[in-house]
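Written below as structure tokens is the structure these notes are about.
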Amino acid sequence: MTFVYNLVVVTHLLGMAAVVGGYVASQPRVSELMVWGARAQLVTGVVLVGMAESIDSLGKDPNMPKIITKLVIAVLVAAFAEMGRADAKRGKALPWMTHAAGGLAILNVFVAALWH
Ligand code: HEM
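The sequence shown begins at -5 in the numbering used here and counts up by one.
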């Protein structure tokens, strides 16, 4: 099960690369890659927490205040990315929305790595 869990961690890191890399490459517009990365972070993050909480042999003890903080930030990232993408498709890009999504995604990398 550890292997499966670690595979989900890999998809979580690839999702992070998509949302942050997509932001850097496409700003001031929101790209499709950014939106899919933001969606992937929500799904893979929730799967990681579900597995960590329910499978004792993984030996994980998620830090809930940290997880809730990441979840709130990730929901905002996805919301700004979805709205920004919808606007970009109609040809009216709002740069602040792109920067809000990308900046909050980068903030979540700091929360992930520095809060222990
Ligand atoms: C934009 C959204 C997100 C970004 C950029 C992000 C980024 C990261 C990064 C870089 C790591 C690896 C950190 C390390 O190993 O020290 C990580 C781990 C993790 N993330 Fe996220 N994350 C996001 C959203 C979420 C969400 C929504 C959840 C859960 C609700 C979540 C749950 C986790 C968990 C449980 C781990 C630990 C994996 C492990 O090493 O066992 N993440 N995240």
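Don't be surprised by glycine CBs; every beta carbon is placed ideally from N, CA and C.
Since this is a predicted model, take the numbers as computed values, not measurements.
Straight-line CA distance for residue i to residue j?
i: Trp109; j: Arg79; result: 31 Å
i: Leu7; j: Asp81; result: 27 Å
i: Leu42; j: Lys64; result: 13 Å
i: Thr5; j: Pro56; result: 18 Å
i: Glu26; j: Lys86; result: 15 Å
i: Met28; j: Leu101; result: 15 Å
i: Arg23; j: Lys83; result: 10 Å
i: Leu52; j: Gly44; result: 12 Å
i: Gly9; j: Asp50; result: 26 Å
i: Val66; j: Leu88; result: 22 Å
i: Val37; j: Ile62; result: 14 Å
i: Gln21; j: Glu47; result: 37 Å
Should residue i be counted as a contact of the ligand HEM given a C-beta to heavy atom distance under 7 Å?
i: Ala107; result: yes
i: Ala120; result: Nothing can be reported for residue 120, as the shown portion of the chain is limited to -5 through 110.
i: Val43; result: yes
i: Val40; result: yes
i: Ala68; result: yes
i: Gln35; result: yes
i: Ile61; result: yes
i: Val13; result: yes
i: Pro56; result: yes
i: Ala46; result: yes
i: Val71; result: yes
i: Leu27; result: no
Just to check my reading of the structure: residue i and residue j have Cβ atoms closer than 8 Å, yes? What is that Cβ distance to the nearest angstrom?
i: Phe60; j: Val105; result: Here residue 60 turns out to be Lys, not Phe, going by the sequence shown. Confirmed, about 7 Å.
i: Ala32; j: Val71; result: 5 Å
i: Val14; j: Gly97; result: About 10 Å; that fails the 8 Å criterion.
Can you determine whether any heavy atom of the ligand FAD sits closer than 7 Å to the C-beta of residue i, and answer yes or no?
i: Leu8; result: The ligand FAD is not part of the structure shown, which contains the ligand HEM as its ligands.
Under 8 Å: do the segment 74 to 93 and the segment -2 to 5 share three or more Cβ pairs, one atom per stretch? no
Report the start-end ranges of each alpha helix (DSSP H) in the segment 11 to 86 that is 4 residues or longer and not cut off at the edges. 26 to 48, 58 to 83
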